[in-house]
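Presented below is the structure to which this report refers.
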Amino acid sequence: MPYGEPERGTESPQEFTTTVARWEAELAAAEKVLKPWRESCKNIDARYTLEKNRVDLGHLFGESDSRFNILWSNIQTLKPAVYAQEPVPVVKRRHRDADPAGRIAAEMLERALKSELERDERMGCGMDEALSRANLDYLLFARGSAWVRYEPDMEGDTVLDESCPTDYVGRNDLLYSPKRTWAEVVKDGWVARRTSMTRARGVGRFGEVFRNVPLDVGEDGTEIDERDQEVIGQADVWEIWDAASRKVFWVSRAWTDRILEERDDPLKLEGFFPCPKPAFGTVSNESLVPVPDYRQYAKLAQELDDQTARIDGLVNALRAKGLYDASVEGIESLMNENADVLVPVTNMNNMLGKGSGGGQITGVVQFFPLDTIARALTGLYDARDRTKQTLYEVSGVADILRGSVDPREKLGQSRIKEQNAGRRIDVKRREMEKLARDCIRRKAELMAEHYDPERLRRLSGFDQMTAVMQAEQQQPGAADMLFAEAITLLRNERLRGFRLEIETNSTMIEDDEAEREGRTEFLRAAGEFMSSSLQVVDQVPSMAPLMGQMMLFGVRGFRAGRQLEGAFEDAIEQIAAGGQDQGGEPDPQAQADAEARQQEIQGQMAVKQAEAQVKQADSAMKLQAMQQKHRLEMEKLVAEHQVSQAEHDIAMEQMEADLAKTQAELTLKEREALTAVAADTAKSQNAMRVAADAARRTTVQE
16 MPYGEPERGT
26 ESPQEFTTTV
36 ARWEAELAAA
46 EKVLKPWRES
56 CKNIDARYTL
66 EKNRVDLGHL
76 FGESDSRFNI
86 LWSNIQTLKP
96 AVYAQEPVPV
106 VKRRHRDADP
116 AGRIAAEMLE
126 RALKSELERD
136 ERMGCGMDEA
146 LSRANLDYLL
156 FARGSAWVRY
166 EPDMEGDTVL
176 DESCPTDYVG
186 RNDLLYSPKR
196 TWAEVVKDGW
206 VARRTSMTRA
216 RGVGRFGEVF
226 RNVPLDVGED
236 GTEIDERDQE
246 VIGQADVWEI
256 WDAASRKVFW
266 VSRAWTDRIL
276 EERDDPLKLE
286 GFFPCPKPAF
296 GTVSNESLVP
306 VPDYRQYAKL
316 AQELDDQTAR
326 IDGLVNALRA
336 KGLYDASVEG
346 IESLMNENAD
356 VLVPVTNMNN
366 MLGKGSGGGQ
376 ITGVVQFFPL
386 DTIARALTGL
396 YDARDRTKQT
406 LYEVSGVADI
416 LRGSVDPREK
426 LGQSRIKEQN
436 AGRRIDVKRR
446 EMEKLARDCI
456 RRKAELMAEH
466 YDPERLRRLS
476 GFDQMTAVMQ
486 AEQQQPGAAD
496 MLFAEAITLL
506 RNERLRGFRL
516 EIETNSTMIE
526 DDEAEREGRT
536 EFLRAAGEFM
546 SSSLQVVDQV
556 PSMAPLMGQM
566 MLFGVRGFRA
576 GRQLEGAFED
586 AIEQIAAGGQ
596 DQGGEPDPQA
606 QADAEARQQE
616 IQGQMAVKQA
626 EAQVKQADSA
636 MKLQAMQQKH
646 RLEMEKLVAE
656 HQVSQAEHDI
666 AMEQMEADLA
676 KTQAELTLKE
686 REALTAVAAD
696 TAKSQNAMRV
706 AADAARRTTV
716 QE
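The numbers in the numbering used here rise by one with no breaks, and the one at position 360 of the sequence shown is 375.
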């Protein structure tokens, strides 16, 4: 019976009750172990998304709203460096020898996988979406998970369609045995996944027994009132895969009367679990409880927040303010005026009389010193930059920044620079690559084991494959024979594992590159030795056996030369046999055969060398394109960093300019006011002198 269709168990009610009690205890124990990690993840998620009202963040935010969200910045930098694009499946023969059925089966399965991945993407359940979300969980919480399902579309007993979607599993929806290592979980542990079901979906999946399950959970995972359960309620159902019994159980913890369903291994996967090992970050050797990276630099992030809050406070304080004598009128009006105007006062003599230094207005007004604040701001900006650099070193972002390359550099220099700078990032990248590879392998295994052969034929475009079309042209009916052999190989789990290797393009590029380099090196060395040895044998025929053994000695030292070792042995034996003729005279026919064989070998080697060079060139182009893309991303990061630094410098310069302008304006206004006061004083004194002179003249006349 296909996985996903309901199946009624035959166990007694007592057996069902005992099983429910067992799994309730198992799930509760696993949740207890992971509880501190889940609480930490809750706070980290709120910090990342700035959802301050969703959870009490305590010291993460402090009393001030001033924050430097370095966590968000780091994650946005690391996400494309760890997982950038959907993996491309690569299926190849494990041993590169003559194996037509293996070659056809590998190409057929690879093309079918690509077709399925494209269809999943169109249906909104693509692997790229699941892995992108798992990557975010991995970077934030040190654990990212995915789950591969087999979903047959049934009509009665007829399978109308089949699919293998890949699901993202959230951090609160995955539980597993509290073991020390994942190998122990696979050996005799269990893995459980939580899904939410409405009443209609649950009844359609498990039958009428699901009507007993309370729908006490809303779509957002919160509890809802009993009166609203049938309208908007859902029930949490745990799907538990037990490796010890090779059985699958479905239970609802809200209804403990009996389990919903129990099945023997429905998928027959080699590793039993439909989910691969999660991508783990920091874990100890004693448990599988991950430690989020943010905990390693949380204090530094808090220090950045404190420094940012202090900077904001000083920036707000950086404005013209001071004290003035309240008994003197006109000072406040003078400071509130924006235009260059004179403010009339009636107590100028009183104002100047209170001024110090010979009637200066500065004795009435004292401004707050701003140069001290400016120096403190400069020191805080420098301290924050140093804290950021330390945090980048701890989080690994500094490795990405150091790995940025110059597009004008040579390919080898760029590769060395990227490799040396990204060692720590490579660990994270490989963890996600393994998760992607294991998802691809499970998807391939499900398709090979469960898909209808004709569906595989259509998905892979088997009849349009070049090798199949050539075989059909040479011998009618050969295509069906090749298809039957390929399906037999795919259906046989043991043969499939021995003869086929399933990887992704990201995990295969280094192996393929090393193999191509090895083959190219072998062909170069073998060709040079054969050229020189033939010259020696032409002059001294008796040296042929020795040259042959030396050639074999060199061939056996190359891993890439193993496939041609037998051909070299046959050729050397023929040369040795041809040289043993009566009187030391070579047999013309044997010599001709040997030369023909030698030319054939040289021709084969030349062809293989040309193929290797073409593949190497193609790989180099792909690698260069990938590196160019990486360089562009790194340049973008560096440019953004430089822009941020430039904006900071501009802000500082603007602040200093504003400060100087403010001080200059104050000095100018003070001078203008003093000038006006002096002019008025002179005018008054002049008027008084005129009046006094007039009075004296009047007195004299009298």
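Yeah, the Cβ is synthetic: ideal placement off N, Cα and C, and Gly gets one too.
Source: prediction; values computed, not measured.
Query raised in the report: Looking at the structure shown, is D231 part of a helix, part of a strand, or coil, going by DSSP?
Result: Here residue 231 refers to the residue found at position 216 of the sequence shown. DSSP places D231 in coil when its eight states are reduced to three.
Query raised in the report: Taking only runs of the beta strand (DSSP E) that begin and end inside the stretch 253 to 328, which ones reach a length of at least 3 residues, in chain order?
Result: 262 to 266 and 276 to 279
Report task. Specify whether the stretch 266 to 283 and the stretch 179 to 190 touch according to this definition: at least 3 beta carbon pairs, one from each stretch, less than 8 Å apart. Result -> no
Query raised in the report: Taking the runs of the beta strand (DSSP E) that are 3 residues or longer, which of them lie wholly in the stretch 148 to 190?
Result: 158 to 163, 166 to 170, 173 to 178 and 181 to 184
Report task. Measure the alpha-carbon distance for G24 versus N227 and round it to whole angstroms. Result -> Locating residue 24 in the sequence shown gives position 9, counting from the first residue. Locating residue 227 in the sequence shown gives position 212, counting from the first residue. At G24 the pLDDT is 43, less than 50, meaning the model places this residue with poor confidence; the figure from the coordinates comes in the next sentence. So the alpha carbons of these two residues sit roughly 17 Å apart.
Query raised in the report: With 16 as the cutoff for other CB atoms within 10 Å, does E22 come out buried or exposed?
Result: Within the sequence shown, numbered from 1, the residue matching residue 22 stands at position 7. Unreliable positioning characterises E22 in this predicted model, as indicated by a pLDDT of 44, which lies under 50. The coordinate reading is nonetheless provided below. Burial call: exposed.
Query raised in the report: beta strand (DSSP E) containing F477: first to last residue?
Result: For the purposes of this step, residue 477 is taken as residue 462 along the sequence shown, with counting starting at 1. Neither: F477 is in no beta strand (DSSP E) and is coded neither H nor E.
Query raised in the report: What does Q381 pair with, by DSSP beta-bridge criteria?
Result: Here residue 381 refers to the residue found at position 366 of the sequence shown. DSSP output for Q381 lists L338 as bridge partner(s).
Requested in this report: Since I believe V263 is in contact with W38 (beta carbons under 8 Å), could you give me their beta-carbon distance rounded to a whole number of angstroms?
Outcome: Numbered from 1 along the sequence shown, position 23 holds the residue referred to as residue 38. Numbered from 1 along the sequence shown, position 248 holds the residue referred to as residue 263. Rounded, the Cβ-Cβ distance is 12 Å, inconsistent with contact.
Query raised in the report: When you compare only the Cα positions, how much space is there between L426 and L504?
Result: Residue numbering aside, residue 426 sits at position 411 when the sequence shown is read from its first letter. Residue numbering aside, residue 504 sits at position 489 when the sequence shown is read from its first letter. Unreliable positioning characterises L426 in this predicted model, as indicated by a pLDDT of 48, which lies under 50. A coordinate reading is not provided.
Query raised in the report: Under a three-way DSSP split, which group does D386 fall into?
Result: Here residue 386 refers to the residue found at position 371 when the sequence shown is read from its first residue. Of the three classes helix, strand and coil, the one that applies to D386 here is helix, per DSSP.
Query raised in the report: Do three or more CB pairs link the stretch 115 to 126 to the stretch 491 to 507 at distances below 8 Å?
Result: yes
Query - Own chain, CB closer than 6 Å to E254, minus 5 neighbours either side, in chain order - result: Residue numbering aside, residue 254 sits at position 239 when the sequence shown is read from its first letter. Hits under 6 Å: R208 and W265.
Report task. Would you kindly check if the distance between the Cβ of R444 and the Cβ of E518 is under 8 Å? Result -> Along the sequence shown, read from residue 1 onward, the residue named residue 518 stands at position 503. Along the sequence shown, read from residue 1 onward, the residue named residue 444 stands at position 429. Cβ atoms of E518 and R444: not closer than 8 Å.
Query raised in the report: Starting from V206 and walking both ways along the beta strand (DSSP E), at which residues does that stretch end?
Result: For the purposes of this step, residue 206 is taken as residue 191 along the sequence shown, with counting starting at 1. Residues W205 to M212.
Query raised in the report: Between D203, L385, K449 and V412, which lies nearest to A294 when the distance is taken from Cα to Cα?
Result: Looking up residue 294 in the sequence shown gives position 279. Comparing Cα-Cα distances from A294 to each of D203, L385, K449 and V412, the minimum goes to K449.
Query raised in the report: Do the stretch 136 to 143 and the stretch 190 to 198 make contact, defined as three or more Cβ pairs closer than 8 Å?
Result: no
Query raised in the report: If you run the structure through DSSP and keep just helix, strand and coil, what is V106?
Result: Taking the first residue of the sequence shown as 1, we reach residue 106 at position 91. V106 falls in the strand class under three-state DSSP.
Query raised in the report: What residue range is occupied by the uninterrupted alpha helix (DSSP H) comprising A459?
Result: Taking the sequence shown and counting its residues from 1, one reaches residue 459 at position 444. Looking at the DSSP string, the run of the alpha helix (DSSP H) that includes A459 is R438 to H465.
**Report entry** Environment of S27 [buried if 16+ CB atoms lie within 10 Å]
**Finding:** Reading the sequence shown from its first residue, position 12 is the one you call residue 27. Residue placement at S27 cannot be trusted, given a pLDDT of 48 that sits under 50; the coordinates are not used to answer.
Query raised in the report: How is T535 classed by DSSP in three states: helix, strand or coil?
Result: Counting from 1 along the sequence shown, the entry for residue 535 is found at position 520. Helix at T535.
Requested in this report: Please list, in chain order, all residues of the same chain as E516 whose beta carbon is under 6 Å from its beta carbon, the five residues on each side excluded.
Outcome: Taking the first residue of the sequence shown as 1, we reach residue 516 at position 501. So the qualifying residues of the chain are K107 and R109.
Query raised in the report: Three-state secondary structure (DSSP) at V35?
Result: Here residue 35 is taken as the residue at index 20 of the sequence shown, counted from 1. Helix.
Query raised in the report: Considering only the beta carbon of each residue, do I59 and Y309 sit closer than 8 Å?
Result: For the purposes of this step, residue 59 is taken as the residue at position 44 of the sequence shown. For the purposes of this step, residue 309 is taken as the residue at position 294 of the sequence shown. Yes, the pair counts as a contact, with Cβ atoms nearer than the cut-off.
Requested in this report: Keeping to the same chain, check which residues put their C-beta closer than 7 Å to that of V48; ignore five residues upstream and five downstream.
Outcome: Residue numbering aside, residue 48 sits at position 33 when the sequence shown is read from its first letter. Answer for V48: P193 and V304, listed in chain order.
Report task. Have a look at D327 and L385 and give me their C-alpha separation to the nearest angstrom. Result -> Stepping through the sequence shown from its first residue, residue 327 is reached at position 312. Stepping through the sequence shown from its first residue, residue 385 is reached at position 370. About 15 Å.
**Report entry** C-alpha distance - L146 paired with A540, whole-angstrom precision
**Finding:** As a working note, residue 146 is residue 131 in the sequence shown. As a working note, residue 540 is residue 525 in the sequence shown. Those two C-alpha atoms are separated by around 44 Å.
Report task. Give the DSSP-derived three-state secondary structure of D135 in the structure shown. Result -> Here residue 135 refers to the residue found at position 120 when the sequence shown is read from its first residue. Looking at D135 - three-state DSSP - the assignment turns out to be helix.
**Report entry** Contact check, R126 vs S475, beta carbons under 8 Å
**Finding:** Your numbering for residue 126 matches position 111 in the sequence shown. Your numbering for residue 475 matches position 460 in the sequence shown. Yes, the pair counts as a contact, with Cβ atoms nearer than the cut-off.
Query - Span of the alpha helix (DSSP H), counted from its first residue to its last, around M562 - result: Within the sequence shown, the letter at position 547 stands for residue 562. First-last of the alpha helix (DSSP H) with M562: A559 to V570.
Query raised in the report: Excluding sequence positions up to five away, which residues of its chain have a Cβ less than 6 Å from the Cβ of S557?
Result: For the purposes of this step, residue 557 is taken as residue 542 along the sequence shown, with counting starting at 1. Result list for S557: empty, nothing under 6 Å.
Query raised in the report: With distances taken between CB atoms, is the gap from D467 to V200 smaller than 8 Å?
Result: The count along the sequence shown starts at 1 and reaches residue 467 at position 452. The count along the sequence shown starts at 1 and reaches residue 200 at position 185. No; because the gap between Cβ atoms is not below 8 Å, this pair is not in contact.
Report task. Measure the C-alpha to C-alpha separation of D114 and D441 and round it to an integer number of angstroms. Result -> Here the question's residue 114 lines up with position 99 in the sequence shown. Here the question's residue 441 lines up with position 426 in the sequence shown. Distance between the alpha carbons of D114 and D441 is about 35 Å.
Query raised in the report: So which of V555, M545 and Q554 has the shortest CA-CA distance to L567?
Result: Translated into positions along the sequence shown, residue 567 becomes position 552. Considering only alpha carbons, the answer is M545.
Requested in this report: Measure the beta-carbon distance from V412 to N89 and round it to whole angstroms, keeping in mind my assumption that it falls under 8 Å.
Outcome: Against the sequence shown, residue 412 aligns to sequence position 397. Against the sequence shown, residue 89 aligns to sequence position 74. About 5 Å separates the two Cβ atoms, so the contact holds.
Query raised in the report: Which residue's Cα is closest to the Cα of A43: A269, V97, E408 and A116?
Result: To locate residue 43, count along the sequence shown from 1; it is residue 28. Selected option, being the one with the closest Cα: A269.
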